[in-house]
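What follows is a single structure, written as structure tokens, with notes after it.
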Amino acid sequence: SEPFGKERDAAIKKLASEAGVEVTVRISHTLYDLDKIIELNGGQSPLTYKRFQTLISRMDAVEVPAESITAEIMGKYTTPLSEDHDDKFGVPSLEELGFDTEGLSSAVWPGGETEALTRLERHLERKAWVANFERPRMNANSLLASPTGLSPYLRFGCLSCRLFYFKLTDLYRKVKKNSSPPLSLYGQLLWREFFYTAATNNPCFDKMESNPICVQIPWDRNPEALAKWAEGRTGFPWIDAIMTQLRQEGWIHHLARHAVACFLTRGDLWISWEEGMKVFEELLLDADWSV
1 SEPFGKERDA AIKKLASEAG VEVTVRISHT LYDLDKIIEL NGGQSPLTYK
51 RFQTLISRMD AVEVPAESIT AEIMGKYTTP LSEDHDDKFG VPSLEELGFD
101 TEGLSSAVWP GGETEALTRL ERHLERKAWV ANFERPRMNA NSLLASPTGL
151 SPYLRFGCLS CRLFYFKLTD LYRKVKKNSS PPLSLYGQLL WREFFYTAAT
201 NNPCFDKMES NPICVQIPWD RNPEALAKWA EGRTGFPWID AIMTQLRQEG
251 WIHHLARHAV ACFLTRGDLW ISWEEGMKVF EELLLDADWS V
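Quick note on the UniProt record's numbering: the sequence shown kicks off at 1 and runs consecutively.
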């Protein structure tokens, strides 16, 4: 749905067409067809969340996700696998990719769909939160990675946003005795969808220049200060602790993200958000171009 992805997909479709291969495309990384949202808005991306909510309220319901693949389903298919299949097509290890893994701590965010679904079930166990949509209360432990965190899994497609949507819906109806859930229940998913819609037809969404929805600001250029910020060497303990956690774990709390982003830009260093985005894109496991 993002400009570079659309360009990539168009190139693949072209190659497939030239080879006589039919290509079937499904909407899977978002809840809705973003092009239809934009069409409903007169050909323009909605630029306010309120307008976005109005538009999706007029659209067809979110499609139910496809059936999960099980061993029973796979057992119906008998495509043979050669003995060297894993050697040829298996996921390479970090060592095989040239990384030095000596002394590395265990992963804070284990990858894959199995882990994503386990975390989803833990997330949904918080029935009171789902029923009342109470904001989680902040404490010191909130700054640590949560075993119910889902953002990296949504980012990489390990967790279907539609599966998440319908799991929330089902649980809400059980707790609230079949009443219809409010839009606020899906707030985080819908904000994600809103930003995807805003970005899908804007190839300059990640830049200030030539970006029609971005304020043009004369930012300072200070490579030394930028490097100290990125490496956690500013001398401000709170900022440095956050950037150290980011580099070590690949994740920081959303309020911590706001703190270091504000420090980099309008709060202290007056360095462009584009430079901060590059660091986040490199280090954040859930870095999302549109969001």
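Using N, Cα and C, we set each Cβ at its ideal position, and we do this for glycine too.
Quick check on the burial criterion: 16 or more other C-beta atoms within 10 angstroms. Buried or exposed for Trp251?
buried
Taking the alpha carbon of Ala140 as the point to measure from, which residue in Trp238, Arg122, Lys228, Ser28 has its own alpha carbon closest?
Trp238
Considering only DSSP beta bridges, list what Ile271 is partnered with.
Asp220
Is His253 helix, strand or coil when you go by DSSP?
coil
For Leu34 and Lys14, the rounded distance between their alpha carbons:
22 Å
Does the separation of the CB atoms of Glu193 and Leu31 fall below 9 Å?
yes
Assign Asn141 to one of three DSSP states: helix, strand, or coil.
helix
Local conformation of Phe99 per DSSP, three classes
coil
Among Ala11, Arg26, Val25, which one has its Cα closest to the Cα of Ala19?
Ala11
Cβ shell of Asn222 (< 7 Å), same chain only, five flanking positions each side left out:
Leu269, Ile271
Can you tell me whether Leu81 is buried or exposed? The criterion is at least 16 other CB atoms within 10 Å of its CB, across all chains shown.
exposed
Quick check on Ser82: does DSSP put it in helix, strand or coil?
coil
Does DSSP put His123 in a helix, in a strand, or in coil?
helix
Measure the C-alpha to C-alpha separation of Gln216 and Ser290 and round it to an integer number of angstroms.
19 Å
What span of residues does the alpha helix (DSSP H) with Gly187 cover, start to end?
187 to 199
Determine, using beta-carbon pairs with one atom in the segment 150 to 166 and one in the segment 56 to 68, whether at least three such pairs fall under 8 Å.
yes
By the three-class DSSP mapping on this structure, what secondary structure does Gln44 have?
coil
Best match in Leu185, Tyr77, Phe280 for proximity to Glu249 [C-alpha to C-alpha]
Phe280
How would you label Tyr172, buried or exposed, when you count the other beta carbons within 10 angstroms and need 16 or more for buried?
buried
With a Cβ-Cβ cutoff of 9 Å, do residue 297 and Leu255 count as a contact?
With the chain covering only 1 through 291, there is no way to say anything about residue 297.
Since Ser17 contacts Ala198 with CB under 8 Å, what's their CB separation in whole angstroms?
Ser17 to Ala198, Cβ: 30 Å. No contact.
From the DSSP output, in three-state form, read off Arg26 for me.
coil
Can you confirm whether the segment 179 to 187 touches the segment 149 to 158 when touching is taken to mean that 3 or more C-beta pairs between the two stretches lie within less than 8 Å?
no
In chain order, what residues of the same chain lie with their CB nearer than 6 Å to the CB of Ala261, ignoring the 5 residues before and after it?
Gly276
Simplified DSSP state of Thr54, which is helix, strand or coil
helix
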